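Numbered by mature numbering (1 follows the signal peptide of the UniProt record, and there is no 0), the letters in the sequence shown go through residues -24 to -1, 1 to 396 in order.
In this text, a Cβ means the ideal position worked out from N, Cα and C, and glycines have one as well.
Since this is a predicted model, take the numbers as computed values, not measurements.
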Amino acid sequence: MLSHFCAATPALFILWIIMAQVAGQEDREKTTALKDLLSRIDLDELMKKDEPPFTFPKTLEEFEYAFNEYGQLRHIKTGEPFVFNAREDLHRWNQKRYEALGEIITQYVYELLEKKCNMTKEILPVDATEDEPTGFIYLSPDALSNPSKLLVLIQGSGVVRAGQWARRLIINQDLNSGTQIPFIERAMQEGYGVMVLNPNENYLEVEKPTKSPLPSPTETSDEPAEKRERKDDKEGKKKKEFYEKYRNPQRETETERILIRENGSSEEHVLYVWDHFVSKAAAKNVFIMAHSYGGLSFVELMNQRELEVKNKVCAVALTDSAHNIWLQETTKSTQDWMQEHCRNWVSSPEPLDIPLEPMMPDCPRVSAGTERHELTSWMSFDSIFGFFSEFHAKEGEEAEETSNSVTTRSGSHKNKHQDL
């Protein structure tokens, strides 16, 4: 019996090796198939599985949110702040919901500018035709006629529109910190005319026309139709089964942008508003406040209209400005003027208004009293108006000295005439 077993052992061993090889071959084939399957998976598409449709409320009331007496956005029923992750593991849907709310906030701020601040919308370009895209800015009733002071507000880049510093602050903190409303109201109380620029309103977004699909290679081949159909069915079945499970149930509309004439960028917009509004305003003293990318746009304005800006602008307050005098190739005279007439409140752990080391030979840098970029304008609120008041007082003294000097010379000439 033992001899029979010993004789059979090599055969069993060989059989075991063969089975192992077959199993290994099957595993390799499975691995290859799995790799091929994984290579076909679009992770972005996979994340869209079971995604709700992108249909969101059109008003704050429908969103069930409202601003309370402190200007804070709160849920009407619970009183809780806005919650970004309304649905777990659906980041794209949550982001789209946030953007939809942001569009409503934009319209809400426009209403505040018109109703609360009594500002009017001015269409750009000023000679726009009916069939071209347009933008706009906001003017106070005396923006062009105020003989003394004019304040021009320029925001940073991004989704924010006229009247906003930061959408995130409006939604998560309050209206005071995120909008320009407090600056407008304070300016009006202190006798300024006000212009609110809209440098991110650069284009009209329209739906792309659908293109007719190109014929596939199989449609142009010389294969018999029946054979081609069987082949397509066989190859397409597996793809269909796989993608049907993970396909995107909602495709986003493809759009294209039509630029607004002479306002296709922040820099173009600021230059256009200067040429058509600020330069024609009656104010003897123009004050400019620019946040982030707005500072870069202002410096570009100086590059284009240096003498005009120097003659008309009294002082410039920047908050965490994105300008760069080297990259923007500013002149030495512009840098000297900025050193005297500009101040940049930057994000810093230092207390408010503490002078900081200069990074470039342009304008003095002081702390905004916060390390959060988007909060620099609000945190510097009182300091900025104090800065403007100092310059206005200085301009008044210089004007008075000039007037007295002229009067003295006139009197001297008169006395000489009498003596003669």
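Can residue i and residue j be called in contact, C-beta distance under 8 Å?
i, j, result
"residue 291", "residue 363", "yes"
"residue 271", "residue 177", "no"
"residue 147", "residue 49", "yes"
"residue 318", "residue 351", "no"
"residue 255", "residue 169", "no"
"residue 257", "residue 127", "no"
"residue 310", "residue 282", "yes"
"residue 343", "residue 326", "yes"
"residue 243", "residue 182", "no"
"residue 120", "residue 274", "no"
"residue 320", "residue 348", "no"
Which residues mark the beginning and the end of the beta strand (DSSP E) in which residue i is found?
i, result
"residue 60", "Run containing residue 60: none; DSSP gives neither H nor E here."
"residue 291", "289 to 295"
"residue 266", "261 to 267"
"residue 321", "318 to 322"
"residue 356", "Note, residue 356: premise wrong, no beta strand (DSSP E); not H, not E."
"residue 111", "111 to 115"
"residue 349", "Counting along the chain, residue 349 falls outside any beta strand (DSSP E), and DSSP gives it neither H nor E."
"residue 108", "From DSSP, residue 108 is part of no beta strand (DSSP E); its letter is neither H nor E."
Identify, in the order they occur along the chain, each residue of the same chain with its Cβ nearer than 7 Å to the Cβ of residue i, setting aside the five sequence neighbours on each side.
i, result
"residue 53", "40"
"residue 402", "With the chain represented from -24 up to 396, any question about residue 402 goes unanswered, as that position is not in the structure."
"residue 280", "247"
"residue 300", "none"
Under a Cβ-count criterion, where at least 16 other Cβ atoms within 10 Å of its own Cβ denotes burial, should residue i be classed as buried or exposed?
i, result
"residue 55", "exposed"
"residue 141", "buried"
"residue 86", "buried"
"residue 368", "buried"
"residue 46", "exposed"
"residue 345", "buried"
"residue 335", "exposed"
"residue 60", "exposed"
"residue 287", "exposed"
"residue 71", "exposed"
"residue 68", "exposed"
"residue 276", "buried"
"residue 155", "buried"
"residue 302", "exposed"
"residue 356", "buried"
"residue 44", "exposed"
"residue 262", "buried"
"residue 102", "exposed"
Among residues of its own chain, excluding the 5 on either side of residue i, which ones have a beta-carbon nearer than 6 Å to its beta-carbon?
i, result
"residue 138", "114, 172, 174"
"residue 268", "132, 296, 298"
"residue 153", "145, 354"
"residue 151", "47"
"residue 106", "none"
"residue 398", "The shown model of the chain, from -24 to 396, leaves out residue 398, and the question about it has no answer."
Over the uninterrupted alpha helix (DSSP H) stretch that includes residue i, give me the two end residues.
i, result
"residue 151", "151 to 154"
"residue 172", "No alpha helix (DSSP H) holds residue 172; the beta strand (DSSP E) holding it covers 168 to 172."
"residue 145", "143 to 148"
"residue 161", "157 to 165"
"residue 242", "242 to 252"
"residue 81", "67 to 87"
To the nearest angstrom, how far is the alpha carbon of residue i from that of residue j?
i, j, result
"residue 158", "residue 37", "25 Å"
"residue 331", "residue 123", "33 Å"
"residue 322", "residue 32", "37 Å"
"residue 135", "residue 78", "9 Å"
"residue 222", "residue 76", "Confidence at residue 222 is low in this model, with a pLDDT of 41, below 50, so its placement is unreliable and no value can be given for it."
"residue 166", "residue 308", "34 Å"
"residue 98", "residue 90", "12 Å"
"residue 264", "residue 80", "28 Å"
"residue 74", "residue 88", "21 Å"
"residue 313", "residue 58", "44 Å"
"residue 84", "residue 94", "14 Å"
"residue 29", "residue 149", "29 Å"
For residue i, I'd like the list of residues in its chain whose CB is within less than 8 Å of its CB, leaving aside the five on either flank, ordered along the chain.
i, result
"residue 42", "36, 49, 50, 52"
"residue 104", "110, 237"
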